[in-house]
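Accompanying notes for the structure given below.
Residue numbers (my numbering): 205 to 374.
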């Protein structure tokens with residue numbers, strides 16, 4: 205995907221049309237994943253199409269600005285965070301609202317982090333909201349060697365996706 209598609213907000217629709225919808229039609233359990241900004245885009249997709257996903261694999265995901273994460277921290281975490289009504293283009297708060305609402309649902313979420321990642325405070329905020337078993341931390345920063353190690357550990361973990369949902373007749 206091009207940077208223009210990301211900034212024009214057409215990536216999520218394309219991912220749905222080209223990947224998520226065909227997987228749902230084929231009744232495949234689809235893990236959607238991404239690294240850094242790609243992890244953020246996976247979260248944007250999940251916020252809209254969670255029922256069509258088998259799980260999320262997020263490696264050092266971008267989790268929004270310090271403004272939004274600061275709101276959550278000042279509220280004592282997601283449980284106490286009550287965002288204002290969301291503007292149509294407020295994707296950052298929409299992602300965190302999805303995470304708040306989906307914490308107790310069956311969508312598996314693997315969060316892989318580098319211990320020295322410069323975005324660590326935001327990652328730790330999300331990690332604190334997840335079951336400990338869903339968070340994998342390894343030595344390293346916001347870089348390819350760390351992400352490769354996390355990817356290999358994700359594959360070795362043998363996590364079970366949520367089964368595909370049944371299609372209903374229309």
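Positions of the beta carbon are idealized from the N, C-alpha and C atoms, including for glycine. Note that the structure is predicted; figures quoted are calculated from it, not measured.
| Item | Value |
| --- | --- |
| Nearest neighbour of residue 224, chosen from 241, 240, 239 and 248 [CA to CA] | 248 |
| Assigned secondary structure, residue 314 (DSSP; H/G/I helix, E/B strand, else coil) | strand |
| In DSSP terms, what residue 364 is bridged to | In the DSSP output, where bridge partners are listed per residue, residue 364 has none listed. |
| Contact check, residue 319 vs residue 288, beta carbons under 8 Å | no |
| Secondary structure of residue 197, DSSP reduced to three states | Residue 197 cannot be examined here, being either before or after the span of the chain that is shown, 205 to 374. |
| Proximity winner among 230, 233 and 246, relative to residue 218 (alpha-carbon distances) | 246 |
| Identity of the residue in 362, 265 and 364 nearest residue 299 by Cα | 265 |
| Between the CA atoms of residue 257 and residue 236 - distance to the nearest angstrom | 7 Å |
| Residues bridged to residue 344 (per DSSP) | None; residue 344 has no bridge partner. |
| Alpha-carbon spacing of residue 178 relative to residue 284, whole angstroms | Given that the chain is displayed from residue 205 to residue 374, the structure contains no residue 178 and the question cannot be resolved. |
| Length of the line joining the Cα atoms of residue 213 and residue 360 | 33 Å |
| Distance CB(residue 228)-CB(residue 312) smaller than 8 Å | no |
| For residue 274, three-class secondary structure by DSSP | helix |
| Cβ-based burial, residue 270 [other Cβ within 10 Å; buried from 16] | exposed |
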